[in-house]
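Peer 1: Submitted below is the structure of interest, expressed as structure tokens.
Protein chains: 2
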Amino acid sequence: MKFEVTILGSSSATPIFHRNPTSQILNVNEKLLMIDCGEGTQQQMLRFGIKYHKIDYIFISHLHGDHYFGLVGLISSMHLNGRKKPLYLFAPKEIKEILEVQFKHSATVIKFPIEYYATQNNTSEVILETNDVVVETILLNHRIPTTGFLFKEKQRLRKVNKELVEGLNIPQEYYQLLKKGIDFKDEKGKLHKAIDLTIEADIPKSYAYCSDTLADGTYLPQIQGVDLLYHESTFMHDMVDRAKETYHTTALEAATIAKECVVKKLLIGHFSARYRDLSPLLMEAKEVFPESYLAIEGETVLI
Amino acid sequence: MKFEVTILGSSSATPIFHRNPTSQILNVNEKLLMIDCGEGTQQQMLRFGIKYHKIDYIFISHLHGDHYFGLVGLISSMHLNGRKKPLYLFAPKEIKEILEVQFKHSATVIKFPIEYYATQNNTSEVILETNDVVVETILLNHRIPTTGFLFKEKQRLRKVNKELVEGLNIPQEYYQLLKKGIDFKDEKGKLHKAIDLTIEADIPKSYAYCSDTLADGTYLPQIQGVDLLYHESTFMHDMVDRAKETYHTTALEAATIAKECVVKKLLIGHFSARYRDLSPLLMEAKEVFPESYLAIEGETVLI
């Protein structure tokens with residue numbers, strides 16, 4: 066099953082050096098979930114060949130513009146492209162007012178349902194469960210109410226062992242039953258146990274998205290051992306005072322969190338406009354946590 | 066005196082084929098005026114090296130998103146870049162609510178004054194007069210209240226004839242007086258008439274911006290003889306029914322207007338997403354009005 070994240074933007078606050086503000090696409094088994102939607106996200110989608118209609122779920126962490134200014138334009142384009150199916154929007158409750166005032170003044174009636182789900186800032190909760198993934202909010206500590214998101218693959222069905230079933234003349238349609246543990250009786254009446262004909266499914270993976278936040282540790286229990294942690298690293302650690310003042314994190318702090326939480330990989334992003342060259346941020350993170358990577362626009366990271 | 070327009074976006078409705086939604090920069094004697102501000106305008110400014118701080122005036126034609134979705138991001142970036150001087154915003158009155166609801170929910174207090182001027186949709190009026198230019202609204206006919214803008218250079222002072230003043234020992238500071246028609250008396254008491262030492266100033270130029278509108282003719286008297294007419298040409302003329310239905314103009318109609326109004330040059334833009342190749346639109350316009358040009362991103366047109 067596909068479980069991977071594509072970076073559409075990794076700049077903090079303002080676009081700069083051809084870096085766009087934050088947005089990511091999480092591909093879960095060919096269903097696309099969007100995380101944050103800074104200005105120009107729809108242009109980035111065009112650039113990287115990501116189709117509007119593949120997105121049914123959008124998650125907005127908080128209402129600083131670099132995380133949502135692209136949303137109204139994306140929704141308008143979905144509308145103009147004839148979308149009919151619902152869009153599920155998980156965001157602070159005020160997003161509804163922001164969108165609706167703009168639709169009103171342009172005399173636009175969006176022709177598909179927008180299902181608003183208001184994220185809470187006082188309790189972490191499961192906000193979505195599909196066939197493939199469970200999504201819960203992560204309470205972050207920023208200047209305005211902000212939640213991260215934890216995406217956990219669901220336990221998959223066992224996989225059919227193709228070598229063993231070969232020659233048993235099992236109808237293709239029966240494979241789903243085998244995966245669910247239902248035994249198979251062949252033409253001669255011999256019973257083949259499902260457990261013997263199948264193998265363990267892959268272990269479910271998890272992705273934690275943490276932007277923007279003070280590195281204050283309250284959310285660490287929730288992201289323990291995730292396969293991939295995206296954590297904002299707005300500044301280098303020599304700017305730690307500025308990071309604290311603005312409720313942001315340094316590359317060293319993000320790496321320390323990754324290490325303490327024993328995550329498998331760390332992806333850093335939300336880079337300040339002061340850094341044209343990002344390699345010092347990466348080096349700072351790697352010194353503490355070698356499995357650190359930069360969030361680079363257009364790149365896809367397997368989880 | 067510089068009087069030229071740079072195209073930042075020329076797409077209608079949605080960004081497509083690397084074309085961005087509408088925005089233009091008018092350079093009047095090194096002061097920059099922005100006309101419309103679709104999503105991604107600030108990224109286009111970065112791309113073409115246009116500095117935020119050079120812009121003091123922004124004109125928004127109407128509140129369809131492809132003409133203003135980039136405004137809140139641009140203002141936020143001006144704020145984050147430390148702007149202190151006022152920004153003058155000419156737009157339908159509802160823009161204030163749209164911006165303020167977003168500043169409120171991000172707990173942002175913009176650190177420079179935004180001077181709102183609400184454009185009227187029932188009467189054309191002068192909305193700005195600087196040392197260099199007079200700006201008046203053009204009443205257009207679109208699905209929601211929409212104004213174009215007419216930018217008229219002011220009459221310049223006469224120019225000093227350098228060949229004639231040479232050897233007369235006229236102090237450099239006196240040149241401004243000569244330009245204003247004040248005669249010069251030399252050391253021997255001989256009077257030199259200002260009119261003889263100066264030549265006619267350049268004839269003031271004018272630029273009319275008309276997007277979006279039905280080609281309904283009511284605004285034609287106002288744009289008679291302009292040096293450059295930007296006119297939307299969303300469709301080819303085989304789509305004239307669709308153009309009328311959506312209150313837009315075809316390339317043939319725009320060219321016919323240019324011809325009837327005896328303008329010097331026509332710039333067409335606001336191209337529908339159905340046209341990957343724009344040359345048929347240009348050919349259609351040129352057949353009626355040979356001095357037709359395409360609005361291409363990054364290109365600058367002298368007026």
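Protein chains in written order, with our numbering: chain A, 66 to 368; chain B, 66 to 368.
C-beta: ideal position from N, C-alpha, C; glycine also.
Given a threshold of 16 other Cβ atoms within 10 Å of its Cβ, counted over all protein chains shown, does A:Thr-283 qualify as buried or as exposed?
Peer 2: Exposed, since its Cβ has fewer than 16 Cβ neighbours within 10 Å.
Peer 1: State the Cα-Cα distance for the pair A:Lys-67 and A:Val-198, rounded to the nearest angstrom.
Peer 2: Cα to Cα, A:Lys-67 sits roughly 12 Å from A:Val-198.
Peer 1: Excluding the five sequence neighbours on either side, which residues of its own chain have a C-beta within less than 6 Å of the C-beta of A:Thr-299, listed in chain order?
Peer 2: Taken in chain order, the residues that qualify are Ser-77, His-313, His-335 and Ser-337.
Peer 1: Cβ closer than 9 Å: which chain B residues qualify as neighbours of A:Phe-134?
Peer 2: The answer, in chain order, is Glu-104, Phe-134, Gly-135, Val-137, Gly-138, Ser-141 and Gln-167.
Peer 1: For chain A, check one thing: does any of its Cβ atoms lie closer than 9 Å to the Cβ of B:Gln-89?
Peer 2: It does not: the Cβ of B:Gln-89 has no partner Cβ on chain A nearer than 9 Å.
Peer 1: With C-beta atoms as the reference, is A:Tyr-295 less than 9 Å away from A:Gln-109?
Peer 2: Taking 9 Å as the Cβ cut-off, A:Tyr-295 and A:Gln-109 do not qualify as a contacting pair.
Peer 1: Let me check one thing: in DSSP terms, what residues is B:Met-99 bridge-paired to?
Peer 2: According to DSSP, B:Met-99 bridges with B:Ile-90 and B:Ile-123.
Peer 1: Can you check whether the C-beta of A:Ala-319 is within less than 9 Å of a C-beta belonging to chain B?
Peer 2: False, the Cβ-Cβ gap to chain B never drops below 9 Å.
Peer 1: Name the DSSP bridge partner or partners of A:Phe-214?
Peer 2: Note: A:Phe-214 sits in a beta bridge opposite A:Thr-202 and A:Tyr-274.
Peer 1: Apply the 10 Å Cβ neighbour rule to A:Pro-178 and answer buried if 16 or more other Cβ atoms are within range, or exposed otherwise.
Peer 2: Result: exposed.
Peer 1: For the alpha helix (DSSP H) that contains B:Tyr-240, what are its first and last residues?
Peer 2: 240-244 is the span of the alpha helix (DSSP H), which, as asked, contains B:Tyr-240.
Peer 1: Using a Cβ cut-off of 9 Å, which residues of the segment 71-97 of chain A contact any Cβ in chain B, in chain order?
Peer 2: Within the segment 71-97 of chain A, the residues whose Cβ lies closer than 9 Å to some Cβ of chain B are Ala-78, Thr-79, Pro-80, Ile-81, Phe-82, His-83, Asn-85 and Pro-86, listed in chain order.
Peer 1: CB A:Val-327 to CB A:Gln-289, shorter than 9 Å?
Peer 2: In contact: A:Val-327 and A:Gln-289 (Cβ atoms closer than 9 Å).
Peer 1: Do you know offhand how far B:Thr-106's Cα is from A:Tyr-133's?
Peer 2: Cα-Cα distance, rounded: 16 Å.
Peer 1: So does the segment 116-135 of chain A actually touch the segment 262-279 of chain A, counting three or more Cβ pairs closer than 8 Å?
Peer 2: Contact holds: three or more Cβ-Cβ distances are below 8 Å.
Peer 1: Please list the partners that A:Ile-163 has in chain B, where partner means a Cβ-to-Cβ separation under 7 Å.
Peer 2: Val-166, Gln-167 and His-170, listed in chain order.
Peer 1: Taking C-beta pairs closer than 8 Å, name the residues in chain B that A:Gln-107 reaches, listed in chain order.
Peer 2: Near A:Gln-107 (Cβ distances below 8 Å), the residues of chain B are Thr-79, Pro-80 and Glu-104.
Peer 1: Which first and last residues belong to the alpha helix (DSSP H) in which A:Leu-279 is found?
Peer 2: Premise fails: A:Leu-279 is in no alpha helix (DSSP H) and is neither H nor E.
Peer 1: Label A:Asn-85 either buried or exposed according to how many other C-beta atoms from any shown protein chain fall within 10 Å of its C-beta, with 16 as the threshold for buried.
Peer 2: By the neighbour-count rule (16 or more Cβ atoms within 10 Å), A:Asn-85 is buried.
Peer 1: Return the residues of the segment 107-129 of chain B that lie within a Cβ-Cβ distance of less than 7 Å from chain A, sorted by chain order.
Peer 2: Within the segment 107-129 of chain B, the qualifying residues are Gln-107, Gln-108, Leu-111, Leu-128 and His-129.
Peer 1: Which word fits B:Thr-71, buried or exposed, when buried means at least 16 other C-beta atoms lie within 10 angstroms of its C-beta?
Peer 2: Buried: at least 16 other Cβ atoms inside 10 Å.
Peer 1: What whole-angstrom Cβ distance do B:Pro-345 and B:Met-304 have, given they're in contact under 8 Å?
Peer 2: Not quite, the Cβ-Cβ distance comes to about 12 Å (not below 8 Å), so this is no contact.
Peer 1: Where do the N-terminal and C-terminal ends of the beta strand (DSSP E) with A:Phe-155 fall, by residue?
Peer 2: First-last of the beta strand (DSSP E) with A:Phe-155: 152-156.
Peer 1: Along chain B, in chain order, which residues have C-beta atoms closer than 7 Å to that of A:Glu-159?
Peer 2: Chain B residues near A:Glu-159: His-170.
Peer 1: Report the partner residues of A:Thr-315 according to the DSSP bridge assignment.
Peer 2: A:Thr-315 pairs with A:Phe-300.
Peer 1: Name the two residues that bound the continuous alpha helix (DSSP H) containing B:Ser-142.
Peer 2: Start and end: 136-145.
Peer 1: DSSP has A:Ile-322 in a bridge; who is on the other side?
Peer 2: Answer is none; A:Ile-322 lacks a bridge partner.
Peer 1: Name the residues in the segment 200-232 of chain A whose C-beta lies less than 9 Å from a C-beta of chain B; which are they?
Peer 2: Answer set for the segment 200-232 of chain A: Arg-208 and Ile-209.
Peer 1: Please classify A:Asn-92 as buried or exposed, where buried requires at least 16 neighbouring CB atoms within 10 angstroms.
Peer 2: A:Asn-92 comes out buried.
Peer 1: Which residue comes first and which comes last in the beta strand (DSSP E) that contains B:Ile-163?
Peer 2: Not the beta strand (DSSP E): B:Ile-163 falls in the alpha helix (DSSP H), residues 160-170.
Peer 1: Cβ of B:His-257 within 9 Å of Cβ of B:Ile-235?
Peer 2: Closer than 9 Å, so yes.
Peer 1: Closest to B:Glu-159 by C-alpha separation, out of B:Asn-146, B:Ser-141, B:His-144 and B:Asn-186, would be which residue?
Peer 2: Residue B:Asn-186 is the option with its Cα nearest to B:Glu-159.
Peer 1: Let me know the secondary structure DSSP gives B:Thr-365 once reduced to three states.
Peer 2: If DSSP states are grouped into helix, strand and coil, B:Thr-365 belongs with the strands.
Peer 1: Can you check whether the CB of A:Lys-255 is closer than 9 Å to the CB of A:Arg-223?
Peer 2: Against a cut-off of 9 Å, the Cβ pair of A:Lys-255 and A:Arg-223 comes out as no contact.
Peer 1: Determine the burial state of A:His-144: buried for a count of at least 16 other Cβ atoms within 10 Å of its Cβ, exposed for fewer.
Peer 2: Buried, by the Cβ-count rule.
Peer 1: Do A:Leu-98 and A:Ile-123 come within 9 Å of each other at the CB atom, strictly closer than that value?
Peer 2: A contact, by the Cβ cut-off of 9 Å.
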